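In the numbering used here, the protein residues as written are 1 to 238.
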């Protein structure tokens with residue numbers, strides 16, 4: 001069911017709920033197009049007895065410099081009723097993370113997906129660029145131009161970089177200090193990962209161990225750090 005099938009369309013801060021859901025669907029489609037392994041997992045889970053997916057959260061990575069940080073993505077969602085739910089810092093990795101809770105909307109008893117299911121939480125992380133080495137800062141600032149941050153959300157829906165594609169040399173040099181920063185430089189504001197609401201799944205999938213076993217049976221290798229579950233299509237409840 002797509003958001004065009006939404007039976008109950010409520011108007012709330014920022015405008016139309018249908019528009020917000022369409023934005024999420026565009027972000028999801030772009031993510032799945034760029035991550036074929038995640039797309040396969042997404043399809044496999046839904047293929048079992050017509051399983052219906054709800055989403056726990058969508059996570060984005062940003063660079064805190066020249067207005068490209070958390071605010072560049074969060075402003076849109078907050079205009080549509082999202083509120084800061086909490087956050088944490090990771091000093092060793094020079095990261096700050098905030099998560100945003102969705103607005104209250106009507107959810108049908110059998111609602112699911114992005115069409116008429118619960119709206120996902122939004123998690124946005126930012127790399128504190130000013131705390132990096134001078135060399136890493138120079139690499140990042142070489143690509144990020146003033147005013148470009150205004151297009152962060154559009155970049156996420158299209159899966160297109162706001163800046164010029166970085167050179168292999170710059171990518172490798174930045175990755176030595178921050179894999180996070182190097183990832184953003186290459187992928188821009190494309191969603192980093194999504195998480196299913198495991199507790200809403202049925203048919204035995206409401207137990208994360210069952211999901212893990214099912215994916216391993218299908219040939220996916222999952223390491224102790226979460227592997228595909230963590231990096232591509234996280235299934236854990238945050």
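Note that the Cβ used here is the ideal one computed from N, Cα and C, for glycine as well. Because the structure is a prediction, the values reported are computed rather than measured.
query	result
Best match in 132, 121, 155 and 76 for proximity to residue 266 [C-alpha to C-alpha]	Outside the displayed span of the chain (1 to 238) sits residue 266, for which this structure offers no information.
Contained alpha helix (DSSP H) runs [length at least 4] in the stretch 28 to 113, N- to C-terminal order	36 to 47 and 70 to 79
Reduced DSSP secondary structure (H/G/I, E/B, other) of residue 178	coil
Touch test, the stretch 152 to 161 against the stretch 101 to 112, Cβ-Cβ under 8 Å, three pairs minimum	no
Host alpha helix (DSSP H) of residue 194 (start-end)	It is not in any alpha helix (DSSP H) - residue 194 instead sits in the beta strand (DSSP E) that spans 193 to 196.
Rounded C-alpha distance that separates residue 191 from residue 60	5 Å
Under the three-state DSSP convention, the category residue 124 falls into	strand
Pairwise C-alpha distance: residue 116 and residue 1	With a pLDDT of only 37 at residue 1, under the threshold of 50, the placement of this residue in the model should not be trusted; the figure read from the coordinates follows. Between residue 1 and residue 116, the C-alpha separation is close to 8 Å.
7 Å CB neighbourhood of residue 129 in its chain, flanking five on each side removed	63, 64, 65, 137 and 140
Given 8 Å, three or more beta-carbon pairs between the stretch 161 to 171 and the stretch 32 to 43	no
Straight-line gap, residue 227 to residue 216 (C-alpha atoms, nearest Å)	Its pLDDT being 41, under 50, residue 227 is placed unreliably in this model, and the value from its coordinates should be taken loosely. Each residue's alpha carbon lies about 11 Å from the other.
Where residue 160 sits in the DSSP three-state scheme	coil
Neighbourhood of residue 121 by C-beta, 8 Å cutoff - its chain only, sequence neighbours within 5 removed	56, 57, 58, 85, 99, 100, 101, 102 and 238
Integer Cβ distance of residue 124 from residue 70, believed to fall under 8 Å	5 Å
Neighbourhood of residue 158 by C-beta distance below 7 Å, restricted to the same chain and skipping five residues each side	30
Residue 193 versus residue 35 - alpha carbon distance	10 Å
Residue from 92, 87 and 114 with nearest C-alpha to residue 177	92
Nonlocal neighbours in the same chain, by C-beta distance under 7 Å from residue 77, ignoring five residues either side	100 and 122
Closest residue to residue 135 among 119, 181, 146 and 90 (Cα-Cα distance)	181
Proximity of residue 185 and residue 143 at Cβ, strictly below 9 Å	yes
Through-space distance from residue 118 to residue 16, alpha-carbon basis	15 Å
Top-ranked residue by Cα proximity to residue 23, from 73, 67, 146 and 148	73
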